[in-house]
Amino acid sequence: MSEHRRTVTVHAPADVTFGYLRDPRHLPDFMPRMRRVEPHDDGTVTVTAVVTPDGTRELEVQGTAWLEVDQEARAMRWGSERHSYRGSLTVGGDVGGDVERATESTVEISLSTEHGDPATIDAGLDRALEAIAARIEALA
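Have a look at this one:
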């Protein structure tokens, strides 16, 4: 299983950043292969995504994963036992000072998966984090 961890600074307070990210329906805004995410009352989500298993032909697939949101810790965890995949996201406030007055936050994403090329996964995480920062900064 490969482990991946990436971080980005967002020019918005941590509560604003997490307030946006905690809603799984926003995932397609920064994960280009995701088309739709539907949360359910039992702590699971149904994800519709586009994959290219042969590198050329796109297929739309659906899957179910578990999702836990910890508002107080500004953290999320998710995974799918069927696909040996799990991840987490945490949002931190201004490390050097007063969290109440902080104008920046950090977003850290960690992934563990048995599938995919590690360099491709890292590049995808970097693109997702850049999109997260741009989207939240535009809203803040």
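No gaps in the numbering here: position 71 of the sequence shown is 71 in our numbering, and each next residue is one more. Glycine is no exception: its CB is placed at the ideal position from the N, C-alpha and C atoms.
For residue j and residue i, believed in contact at Cβ under 8 Å, the rounded distance
i, j, result
"Val16", "Ala140", "5 Å"
"Arg77", "Phe18", "Contact flag wrong, Cβ pair sits at about 14 Å."
"Val91", "Ala14", "5 Å"
"Tyr20", "Ile109", "At roughly 14 Å, the Cβ-Cβ gap does not stay under 8 Å, so Tyr20 and Ile109 are not in contact."
Limits of the beta strand (DSSP E) - the one that residue i falls within
i, result
"Asp70", "59 to 70"
"Thr17", "Not the beta strand (DSSP E): Thr17 falls in the alpha helix (DSSP H), residues 14 to 21."
"His4", "2 to 10"
Exposure of residue i, with buried meaning 16 or more beta-carbon neighbours within 10 Å
i, result
"Ser2", "exposed"
"Ser105", "buried"
"Arg129", "Contrary to the premise, residue 129 reads as Leu rather than Arg in this sequence. The residue in question, Leu129, is buried, as its Cβ has 16 or more Cβ neighbours within 10 Å."
"Thr7", "exposed"
"Val10", "buried"
"Thr103", "exposed"
"Leu125", "buried"
"Thr120", "exposed"
"Pro24", "buried"
"Ala12", "buried"
"Val107", "buried"
"Gly55", "exposed"
"Leu89", "buried"
Extent of the continuous alpha helix (DSSP H) to which residue i belongs
i, result
"Ala123", "118 to 139"
"Pro28", "27 to 30"
For residue i, the residue or residues it bridges with in DSSP
i, result
"Gly79", "Trp66, Arg86"
"Glu104", "Answer is none; Glu104 lacks a bridge partner."
"Pro39", "Val45"
"Gly92", "Thr106"
"Thr52", "Thr52 is not bridged to any residue."
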